[in-house]
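Structure record follows, encoded as structure tokens.
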Amino acid sequence: MQAAEMNAMRAAEGLLALSQQEELVDLQDYPLSASEDEGDSDGERKHQKLLESIGSLDGKKRWKLAERSEASLKVSEFNVSSEGSGEKLLLSDLLEPAKTSSSLAAVKKQLSRVKSKKAVELPLNKQEVERINREVAFNKTSQTLSKWDPIVLKNRQAEQLVFPLEKEPASFVPIEHVFGSWKARTPLEQEIFNILYKNKQPVTDPLLTPMEKASLKAMSLEEAKMRRAELQRARALQSYYEAKARREKKIKSKKYHKIVKKGKVKKALKEFEQLQKVNPAAALEELEKIEKARMMERMSLKHQNSGKWAKSKAIMAKYDLEARQAMQEQLAKNKELTQKLQVVSESEEEEKGTEEEELLVPDAVNEIQMCTDGPNPWMLRNCNSDAKGEIQKDPEQPPEPMVQEVSESEEEEKPGGEEEVLLQEFEERRSLRKSSELSKNAEPVGSQKTKDSSSQEVLSELKALTQKLNQKNCQSKKQNVNLVKTVLQGQREECAPEEEEPLLLQRPERVQTLEDLEDLDHEEYSQIRELSRPVLEGERTERTTDNQTDASKGKKKEQMIDLQNLLTTKSPSVKSLAVPTAIEELEDEEEKHQKQIIKEAFAGDDVIRDFLKEKKEAVKASKPKDVDLTLPGWGEWGGIGLKPSAKKRRRFLIKAPEGPPRKDKNLPNVIISEKRNIQAAAHQVRLRELMTACSVS
Amino acid sequence: METVPRPGKGVPLKKDKLQAKRKKPRRYWEEETAPTAAGASPGPPRKKKKNLELRRQKLKNAHNSKKSWSSKKSQVTKKSREQRRPREQKNLREQKKPGSQQSLSGAQDPFPGPAPVPVQKARKFCRIDKSKKLPHSLPKTQSKLEVAEALEEEISIKAARSELLLAEEPGFLEGDDGEDTAKIRQADIVEAVDIASAAKHFDLNLRQFGPYRLDYSRTGRHMTFAGRRGHVAALDWVTKKLMCEINVMEAVRDIRFLHSEALLAVAQNRWLHIYDNQGIELHCVRRCDRVTRLEFLPFHFLLTTASETGFLTYLDVSVGKIVAALNARAGRLNVMAQNPYNAVIHLGHSNGTVSLWSPSVQEPLAKILCHRGGVQAVAVDSTGTLALNCVPQGGLRLMAILLPQPPKCWDHRYMATSGLDHQLKVFDLRGTYQPLSARTLPLGAGHLAFSQRGLLAAGMGDVVNIWTGQGKATLPALERPYLTHRLAGPVHGLQFCPFEDVLGVGHSGGITSMLVPGAAEPNFDGLESNPYRSRKQRQEWEVKALLEKVPAELICLNPRALAEVDVISLEQRKKERMERLGYDPEAKAPFQPKPKRKGRSSTGSMVKRKKKVLEQEHRDKVRQSLEEQQKQQKQQKAKPTGVQPSALDRFVR
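First to last, the sequence lines map onto chains A and B.
Position in the first sequence (from 1) plus 1 gives the number in this note's numbering.
Position in the second sequence (from 1) plus 7 gives the number in this note's numbering.
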């Protein structure tokens with residue numbers, strides 16, 4: 002509302018100003034127009050002008066309004082003034098004729114209409130407009146910029162900025178994408194590509210050669226694992242088989258071999274029979290094979306005279322004719338069988354064979370007979386070995402093969418990898434058993450006694466040690482305890498093998514953990530502790546009863562004792578292997594030594610006393626001092642030998658506040674300076690700074 | 008059918024995805040399960056007759072911790088972006104997917120992504136107490152704290168991951184069952200170890216120039232030694248290459264390397280001299296006179312000298328300025344050691360006390376009464392050096408608040424002292440300063456040294472005894488020595504070589520380099536102290552070290568206290584500031600009247616004007632104080648006094 006009124010006012014003023022301007026313009030225009038109308042008035046005008054110029058001589062332009070005194074013809078329209086009328090002259094008043102005429106009503110109306118119409122508002126001041134524009138622009142831009150605020154804030158808070166801030170992330174483009182549009186142009190490139198293609202090297206896409214791909218394909222992890230497992234299994238099986246074969250090969254028992262062989266034969270026969278039923282042709286072939294094998298076997302010299310029967314016959318042949326004959330027969334048969342087959346009829350063959358047999362037999366028999374004089378080395382060896390083998394095997398072998406077999410079966414069943422572990426275990430067990438057997442044998446003889454004696458020795462030595470230590474001082478009680486502990490340990494450990502027993506002696510020194518050490522320290526300064534405990538108690542009483550003086554006195558005494566104790570505690574001397582020798586000492590060294598001796602001689606209690614004195618002084622100096630404001634002579638007599646009364650002193654004594662307790666209050670051997678380190682304090686954070694950091698910034 | 012997924016040419020993305028989704032048979036080169044973290048490597052065989060192993064070093068195992076920093080930052084920013092703009096991230100991921108999934112050959116990465124780190128391992132390296140909640144603060148601070156926390160987490164993970172690279176194991180020496188290791192002689196050890204390690208045992212027979220003191224450089228590669236009668240030499244002791252050998256024609260009391268092997272400080276009879284590795288005298292520091300012992304604080308670049316006159320002087324080597332000269336008021340100083348954890352200097356005195364010093368405080372930080380006789384030797388355990396490195400400086404103050412506690416494993420600090428009362432004591436430096444163990448030695452130990460892994464060596468006459476603890480940085484058990492060795496003469500200097508299982512002993516007969524299995528840290532930080540560094544690397548390191556120099560005023564007993572909030576009043580702060588600067592920076596300058604001309608600037612008028620101003624000021628002050636008083640009175644009056652106490656109130660119970 003107010004703004005509107007103001008505007009209206011302003012508009013009115015503007016109008017007024019306009020009208021004045023118009024008048025002025027009229028004034029300026031006047032001479033031109035007047036010259037035509039009135040020539041007479043020229044003189045008067047000049048006169049007027051002259052007057053004006055004279056009037057304006059004194060520097061101030063005077064605007065003299067001519068007074069309208071009486072009616073005259075000459076009325077200057079410029080001199081019309083509304084003075085005295087009391088109200089403003091309006092335009093309509095000017096228009097109003099002396100008499101009201103109806104013809105002017107229309108004009109009047111028009112005028113009123115014009116008046117009623119609101120004048121166009123004046124444009125604002127340039128400055129103001131600019132100001133408004135500025136404001137608006139500022140608001141707009143600040144609004145647009147405000148969306149960057151968080152980013153700016155973040156950047157301001159960031160410890161480090163790297164420009165450009167919005168860095169494009171390095172994109173990883175596969176090389177084939179890069180090379181997609183690229184083609185080989187130069188001859189060199191082409192050549193290279195030719196070579197690559199020739200070798201089937203992938204240029205673009207898969208980047209893996211077919212071989213690699215194949216290998217990748219072939220080798221999935223599962224497959225690889227399976228394959229590996231298979232291979233392992235095969236290898237394991239092979240090794241088992243080999244081991245088994247080796248073992249079986251080593252077995253000397255003929256019976257066993259016989260059984261095995263028989264079993265094999267039986268198996269072969271069974272198979273053969275089955276084959277006969279199924280496939281006769283194959284069976285025939287097999288038969289031939291079997292036959293051939295048999296022949297081969299028979300052809301070997303094995304069966305000449307190595308059988309049990311043959312051997313017994315060979316022994317008997319010397320005395321028994323029948324036996325000799327039987328043997329001969331056997332040999333003959335052997336000969337016959339081993340002879341190369343000729344394409345002759347069987348009968349002829351037989352005849353020839355018999356003949357030859359007769360020829361051949363005597364040699365062999367003779368040989369044997371000749372050999373009977375002396376011991377037959379072959380026979381002997383055989384016998385011996387047999388006997389030995391039997392003797393050795395009897396106690397040991399029955400369990401061993403069993404175990405082995407068991408282990409074999411286990412091993413075969415279990416998947417690879419564990420075989421070695423199992424084998425190791427078995428070996429260990431076996432060795433253990435053996436050793437235990439050995440030890441069992443040895444045990445009854447002396448183990449008990451040795452153990453007993455050793456333990457007794459340990460005990461006696463420990464006793465001796467403890468005695469010594471007891472003699473030394475009370476401080477070593479702890480060690481004593483340790484020793485006792487170790488004794489107990491030793492008794493406990495008697496069941497352990499003998500080898501460890503020598504160790505026990507060294508235990509007490511060697512087994513010392515940090516805790517033990519600390520314990521030792523505790524022991525060492527237990528006296529101090531004991532003394533310091535009363536101090537603490539004293540403090541407590543002080544707090545409770547507020548009886549300061551007594552407590553402090555007591556404390557001081559204790560402090561003294563304490564310190565004495567501290568420095569006089571006997572510490573164990575070191576047992577050094579190399580004791581320093583003072584043989585090769587130079588002159589100055591000797592001098593020094595002399596000095597040292599003197600010093601040592603004079604060192605003593607005064608050190609402690611001095612220190613305590615120093616500490617007392619330090620404590621005194623650091624204590625805040627009381628301010629004594631008593632003025633002697635005020636209110637009483639003063640002079641030499643007269644002291645102000647106690648009451649007065651008490652009244653004017655300003656007691657210093659009790660400072661915090663000293664850091665070295667409970668440390669008798671230490672003086673810690675209570676002085677502030679001003680230089681360092683300058684670098685410290687002050688409370689006010691901290692407050693500003695936490696709240697203002 | 009082809010089962011191998013391969014990068015299809017021009018195959019749209021969808022198809023690719025489908026192919027990837029389809030379950031394909033596992034290949035033999037693919038792992039069945041996710042790979043577990045590398046298991047514990049099989050330990051060395053323990054049951055051998057003489058288990059003896061000297062650690063060998065490999066350059067490739069240099070553990071570089073700084074590299075991890077740079078890569079980590081980017082990860083952190085990525086993480087925050089993920090939180091802020093999930094949509095964009097998703098887009099990115101989609102774009103990346105095909106590329107990351109398929110390689111050129113079609114084979115898949117069997118171990119995609121970074122190696123997983125078990126939580127337990129990472130926790131070992133974590134320095135933040137996660138259980139503590141962050142203090143309430145404005146978002147800006149909050150975000151900073153979060154970033155710091157994320158950073159810390161990353162660091163711990165990186166450290167846990169790179170722990171794998173610390174492949175070297177410390178050496179050890181084990182006797183037979185029941186055999187005392189102390190009986191094993193150096194010759195036996197030399198016989199048992201490999202040639203390279205055996206070469207580290209050697210003797211230098213230098214009988215002419217008296218008892219020797221020696222020092223190893225921080226990398227453990229170089230050694231310098233000085234005889235009492237002026238013989239000074241520096242050499243690369245591994246290759247036995249002599250760098251320089253001079254005679255300074257003056258008694259030499261101590262020698263020490265500065266920050267690198269290129270500079271050595273020699274405490275000569277009168278003054279302190281500094282030579283380079285060519286033997287050229289660079290400086291003669293006359294303000295440090297009659298120096299008996301030298302120490303170098305590597306992180307602060309401070310050369311500390313203890314003199315006969317009883318002064319402890321800190322010389323800043325980087326700028327050549329004497330930072331502080333403190334009067335110990337305890338007579339001749341000839342026992343000094345530094346605490347590597349907090350760079351505090353330990354001085355041993357003839358009255359049996361050990362005092363701890365910092366350059367910024369004029370009096371000892373602490374005084375410990377250790378022995379009845381004078382203190383002969385002091386040594387401080389070297390553990391905790393890592394903790395010092397971790398103290399953040401400058402800008403990361405807030406982070407410092409976040410890191411209140413170092414891991415527990417670093418928190419073992421021991422000091423060994425030996426006195427004229429023939430005692431050897433090991434003190435706890437963690438605030439209590441109480442002896443943890445003590446032993447009486449037949450002849451008091453004149454020299455002590457701690458190795459990196461906490462072995463304690465003591466030189467007693469011509470014998471060196473070495474004690475060991477149960478593990479790294481544990482209290483050495485003084486019951487029985489780990490090794491003993493007899494030398495050609497009385498021991499005069501003793502130091503363990505860093506990163507090598509070697510103990511250097513200087514004695515009147517020369518120098519002996521002993522083999523001490525298990526003495527040194529097996530793994531070194533290649534960026535911090537690399538024994539194999541080239542000249543260029545050394546120069547680079549030098550620049551970096553100088554940039555990271557710790558100001559001398561930061562040396563205090565508890566370096567962690569620097570990260571704590573200082574609660575003092577404003578007045579006290581002002582006072583301290585005045586004390587620190589030596590003047591009051593906020594004080595108003597006293598009024599100085601301007602000189603006037605025409606005879607009006609006589610002395611009398613000047614004084615008058617001054618007086619006038621002074622009086623005016625005084626008047627103002629008085630007026631102000633009066634106003635304040637009145638205000639207070641008014642306030643007191645305004646306070647309701649309540650009901651007037653009546654005389655009968657006294658009967659109220």
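Note that CB positions come from ideal geometry on N, CA and C, so glycine has one too.
No experiment lies behind these values; they were computed from the predicted model shown.
Taking 8 Å as the CB-CB limit, is residue i close to chain B?
i: A:Ile655; result: no
i: A:Phe164; result: no
i: A:Glu618; result: no
i: A:Asn678; result: yes
i: A:Glu147; result: One detail in the question is off: residue 147 of chain A reads as Ser in this sequence, not Glu. False, the Cβ-Cβ gap to chain B never drops below 8 Å.
i: A:Glu160; result: yes
i: A:Ala215; result: no
i: A:Asp150; result: no
i: A:His684; result: yes
Among the options, whose alpha-carbon lies nearest the alpha-carbon of residue i?
i: B:Arg446; options: B:His429, B:Ala456, B:Leu462 and B:Arg437; result: B:His429
i: A:Leu332; options: A:Ala311, A:Glu167 and A:Val628; result: A:Ala311
i: B:Val3; options: B:Gln285, B:Glu288, B:Phe308 and B:Gln275; result: The structure shown does not extend to residue 3 of chain B, since chain B is modelled only from 8 to 660, so the question has no answer here.
i: A:Gln685; options: B:Ile575, B:Arg225 and B:Glu586; result: B:Ile575
i: A:Arg689; options: B:Ala596, B:Phe658 and B:Val572; result: B:Val572
i: B:Gly533; options: B:Ala568, B:Leu173 and B:Arg437; result: B:Leu173
i: B:Gly513; options: B:Ile164, B:Leu180, B:Phe232 and B:Gly237; result: B:Phe232
i: B:Ser365; options: B:Glu507, B:Ala384 and B:Pro347; result: B:Pro347
i: B:Glu153; options: B:Ser163, B:Leu141 and B:Ile162; result: B:Leu141
i: B:Phe434; options: B:Asp388, B:Ile473 and B:Phe306; result: B:Asp388
i: B:Ile258; options: B:Leu494, B:Leu333 and B:Tyr219; result: One detail in the question is off: residue 258 of chain B reads as Ala in this sequence, not Ile. For the residues B:Leu494, B:Leu333 and B:Tyr219, the minimum Cα distance to B:Ala258 belongs to B:Tyr219.
For residue i and chain A, any beta-carbon pair shorter than 8 Å?
i: B:Leu403; result: With a pLDDT of only 33 at B:Leu403, under the threshold of 50, the placement of this residue in the model should not be trusted, and no figure is reported.
i: B:Arg339; result: no
i: B:Gly355; result: no
i: B:Leu427; result: yes
i: B:Ile375; result: yes
i: B:Pro52; result: Its pLDDT being 37, under 50, B:Pro52 is placed unreliably by the model, and nothing is read from it.
i: B:Cys563; result: yes
i: B:Glu583; result: yes
i: B:Asp195; result: no
Please check the pair residue i and residue j, which I expect to be a contact at CB under 8 Å, by giving their CB distance rounded to whole angstroms.
i: A:Val608; j: B:Gly359; result: 5 Å
i: B:Trp244; j: B:Ser520; result: 7 Å
i: B:Ala559; j: B:Ser367; result: 7 Å
i: B:Leu431; j: B:Leu485; result: 7 Å
i: B:Lys131; j: B:Ala157; result: Their Cβ separation, rounded to whole angstroms, is 19 Å, which puts B:Lys131 and B:Ala157 out of contact at 8 Å.
i: B:Leu213; j: B:Gly234; result: 6 Å
I'd like the list of long-range same chain contacts for residue i, defined as Cβ closer than 7 Å, with 5 residues on each side in sequence excluded.
i: A:Val121; result: none
i: A:Glu131; result: none
If I measure Cβ to Cβ from residue i and keep anything under 6 Å in the same chain, skipping five residues before and after, which residues do I get?
i: B:Leu211; result: Gly517 and Ile518
i: A:Asn678; result: none
i: B:Ser224; result: Phe264 and Glu268
Name the DSSP bridge partner or partners of residue i?
i: B:Asp210; result: B:Thr519
i: B:Arg300; result: B:Ala313
i: B:Tyr223; result: B:Met230
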